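First up is the structure itself, then whatever we jot down about it.
And the structure:
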């Protein structure tokens with residue numbers, strides 16, 4: 001199956017919402033990690049989301065120029081070719097983009113897709129994220145309105161982060177404190193500014209104590225039940241039936257979350273959950289194991305020539321791909337998307 005069309009992506013999200021499951025959104029930084037993500041989804045028989053952060057795109061652009069747009073476009077074009085060989089539907093997404101990087105990342109990528117759509121093609125990416133969590137909510141939503149209009153015109157879904165997620169993600173840092181909880185008023189202001197679908201579809205990254213990076217269960221107080229309050233508050237304001245879920249939520253900073261916390265989030269409208277820290281480790285761990293076990297083969301120790309079979313990147317690269325793919329299948333199981341592929 002090729003990369004998702006706008007219609008297929010919308011169907012994916014609708015099915016997740018109705019079925020109380022979510023798609024793992026896997027950050028990739030190379031063709032190899034892309035294949036690991038695709039393999040994991042295929043083995044789980046789950047559709048999924050592959051995403052590229054600003055830092056990932058800069059890395060993909062090569063260390064000579066470090067051009068984010070070049071890196072993102074190159075991997076997206078590559079994904080359009082290789083994903084067709086996997087029997088699942090994959091959406092391409094760009095992860096966290098703060099205000100100072102919009103002109104060098106999301107806006108040019110929106111233009112690329114707008115040009116494609118004008119020619120009768122599908123957009124290059126299916127969704128983009130605007131991370132305005134470091135701005136005032138008023139400024140955040142004002143920029144969100146502009147980007148949502150451009151995204152909708154290019155048949156793209158926008159993701160917005162309206163309040164901070166703790167920790168650090170590609171240079172955007174927020175303290176871990178009591179401010180990491182979105183309020184009903186925040187949600188109401190978001191609905192007023194961005195609408196509830198009539199101005200274009202968007203995903204909402206609300207905060208319920210989330211923290212990016214590595215932490216152990218119990219070190220951070222997650223309150224996924226807060227998402228129900230946000231859904232109920234907006235539904236009541238707009239005259240929707242009790243139990244309605246007007247928002248499609250995104251779960252950020254999920255490393256270390258308990259199974260119970262994840263399931264509560266799914267019940268309250270989460271359709272996408274980001275994974276980066278865990279999959280990075282799952283990719284690197286087999287490489288470390290290989291290097292330790294084959295120390296005198298991967299290095300030319302004491303004047304010897306080493307062992308090409310052990311330092312050949314294909315040797316340890318295959319182990320890295322398998323390790324990351326396994327973690328993706330685990331994520332699908334945790335998010336209940338296993339076996340839910342469109343076809």
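Numbering (the UniProt record's numbering), first residue to last: 1 to 343. In this text, a Cβ means the ideal position worked out from N, Cα and C, and glycines have one as well. It should be emphasised that the depicted structure is a prediction, and the values quoted were computed from it without experimental measurement.
Below 8 Å on the Cβ atoms is my contact criterion, and I expect residue i with residue j to pass it. Report the Cβ-Cβ distance as a whole number of Å.
i: residue 68; j: residue 89; result: About 26 Å; that fails the 8 Å criterion.
i: residue 9; j: residue 157; result: 7 Å
i: residue 141; j: residue 193; result: 4 Å
i: residue 35; j: residue 82; result: 7 Å
For residue i, collect the residues of the same chain with a Cβ closer than 6 Å to its Cβ; drop the 5 residues on either side in sequence, then sort them by chain order.
i: residue 205; result: 161, 250, 252
i: residue 4; result: 89, 91, 126
i: residue 182; result: 163, 206, 207
i: residue 254; result: 273
i: residue 191; result: 234
Are the CB atoms of residue j and residue i within a distance shorter than 8 Å?
i: residue 269; j: residue 283; result: no
i: residue 25; j: residue 275; result: yes
i: residue 316; j: residue 287; result: yes
i: residue 351; j: residue 238; result: The chain is shown from 1 up to 343; residue 351 falls before or after that span and cannot be answered.
i: residue 46; j: residue 337; result: yes
i: residue 39; j: residue 325; result: yes
i: residue 148; j: residue 199; result: yes
i: residue 17; j: residue 245; result: yes
i: residue 93; j: residue 51; result: yes
i: residue 42; j: residue 87; result: yes
i: residue 145; j: residue 320; result: no
i: residue 23; j: residue 335; result: yes
i: residue 323; j: residue 311; result: no
i: residue 27; j: residue 56; result: yes
i: residue 44; j: residue 264; result: no
Which residue comes first and which comes last in the alpha helix (DSSP H) that contains residue i?
i: residue 6; result: 6 to 19
i: residue 81; result: 68 to 82
i: residue 131; result: That residue, residue 131, is in no alpha helix (DSSP H); its beta strand (DSSP E) goes 127 to 131.
i: residue 234; result: 226 to 237
i: residue 274; result: First-last for residue 274: 270 to 275, but that is the beta strand (DSSP E), not the alpha helix (DSSP H).
i: residue 26; result: From DSSP, residue 26 is part of no alpha helix (DSSP H) but of the beta strand (DSSP E) over 23 to 27.
i: residue 40; result: 31 to 44
i: residue 336; result: Premise fails: residue 336 is in no alpha helix (DSSP H) and is neither H nor E.
i: residue 188; result: 184 to 194
Could you spell out where the beta strand (DSSP E) holding residue i opens and where it closes?
i: residue 202; result: 202 to 205
i: residue 50; result: 48 to 52
i: residue 161; result: 157 to 161
i: residue 249; result: 249 to 251
Once you ignore the five residues that flank residue i on each side, which residues in its own chain have a CB closer than 7 Å to its CB?
i: residue 233; result: 184, 187, 188
i: residue 137; result: 162, 186, 189
i: residue 154; result: 110, 113, 114, 117, 123
i: residue 293; result: none
i: residue 240; result: 246
i: residue 209; result: 180, 181, 220, 221, 222, 223
Take residue i and list the residues in its own chain whose beta-carbon comes closer than 8 Å to its own, dropping the five residues that flank it on each side.
i: residue 300; result: 306
i: residue 172; result: Legend: pLDDT at residue 172 = 49, less than 50; position of this residue unreliable, value from coordinates given subsequently. Closer than 8 Å at Cβ, skipping near neighbours: 96, 98, 131, 133, 134.
i: residue 261; result: 222, 224
i: residue 266; result: 20, 21, 22, 335, 336
i: residue 285; result: 323
Run the proximity test for residue i: is its beta-carbon closer than 7 Å to any non-hydrogen atom belonging to the ligand SAH?
i: residue 331; result: This structure does not include the ligand SAH; it has no bound ligands of any sort.
I'd like the ranges of any beta strand (DSSP E) spanning at least 3 consecutive residues and lying wholly in the stretch 88 to 146. 90 to 94, 127 to 131
Threshold first: 3 residues or longer. Then list the beta strand (DSSP E) segments lying entirely within the stretch 257 to 320, N to C. 270 to 275
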